[in-house]
Amino acid sequence: MEDSWVAKEEGSAYTRGSMVRTKLQAAFPHLVRYGLLLLPLSVVLTFIVIPLVRTVWESFLAINARGLATGPAGLKNYRELFASHLFRLVLRNTLLYAVLSVILCLVIAFFLSLLLNQKRNFSSRPLLIGLFSPTVIPMIAAASVWQYFLAPRFGLVDRMLSFLGLGHENWLGHPGTALGVLVLLFVWKYAPYFTLFLLAGLQSIPPEVREALRTEDPHHLYSFRKVILPVIAPMISFVTVMSVVYALETVDPVYVLTQGGPNNGTNLIMYYLYNLGFNYFSWGMAAALSTLLMAGLSALSAFALITLERRTFHWQ
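Its first residue numbered 2, the sequence shown is counted upward by one per residue in the numbering used here.
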């Protein structure tokens, strides 16, 4: 009797163990999935979410030069920011820089994409490597090279002008030419990058449609207005918004080439933000400006994604 009871208990224990193992085996894929998500989520939380929340919070605090909060400030940091004459000058510089950079980038990228799409002989590998190589060069390295080329008297550009009898020019010594150099550097780096997006939109047109357009519309005016432009319109909107975002984020070439000068003529908003925090130690105003930039860039990025999704052309 006792032996049968022991055997029954052992059987029950074995059954319970089997059930536990079965449940663990069933839950193991879910545990692995959540475990794999834990690391990237912790990285995002640590390096993105928490700093963003802290920045927004600090924009409403009074912070001394040592970075210590001394009490609530309300909207004081925002009021001081908008009351600053330098901030208004920086906004004007940034607006002018962004408008010129975005327009030139879009025009050049658009014509390059049309050229690469129409002329197959332009799609050779060496040409494409040369065309798109600026895209992969870090901006700070590109700015350093441009600084060497544009150095007065000893730079490559100045030597070429001197050889042609055109005299010397301090390209980074005048507000107008210095801002123009920053615009050209932006276009040189990003126009090939945006060309890839527009070229992808053009090549999404089916081959039979392209052949029909060549046959029925030899001048390409009607097909461009009725077919090509609607197809790449979402990509144009996306590229426009992203180029604005990249222009607003410009800081490396300003730091390397001009340091915001001369006479604050190239002081752009991201470089001004850097100075607020690390040179002027105005941590509260820096947090306020960071909050405004974060809100603006987030809205632009969301608009770009929504536009790309809603206006995508689908072939039937």
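Every residue, glycine too, gets a C-beta built ideally from N, C-alpha and C.
Keep in mind it's a predicted model, so treat the numbers as computed, not measured.
Nearest to Val-91 by C-alpha distance, out of Gly-297, Thr-267 and Thr-308, is Thr-267. Just so you know, the alpha carbons of Leu-62 and His-86 end up roughly 22 Å apart. Going by DSSP, Pro-235 is part of the alpha helix (DSSP H) stretching over 230 to 249. Taking the Cα positions, Thr-308 is about 20 Å away from Ala-248.
At the C-beta level, Leu-290 and Leu-274 come within 8 Å of one another. The residue from Pro-139, Ile-104 and Leu-294 with its alpha-carbon nearest to that of Val-257 is Pro-139.
CA-CA distance, Leu-116 to Ile-51, rounds to 46 Å.
The beta carbons of Ser-60 and Gly-285 sit about 7 Å from each other, so the pair counts as a contact at 8 Å.
Rounded to the nearest angstrom, the gap between the Cα atoms of Leu-199 and Lys-77 is 45 Å.
Its Cα nearest to that of Ser-283, the residue Arg-67 stands out among Ile-206, Arg-67 and Ala-179. In this structure, DSSP gives Leu-62 an extended state, which the three-state scheme calls strand. Taking the Cα positions, Met-295 is about 11 Å away from Val-54.
Within the same chain, Val-245, Ala-248 and Leu-249 come within 8 Å of Ala-99 by CB-CB distance, once the 5 residues on both sides are set aside. In chain order, Pro-153, Arg-154, Asp-159, Leu-162 and Ser-163 place their CB closer than 8 Å to the CB of His-169, counting only its own chain and leaving out the 5 sequence neighbours on each side.
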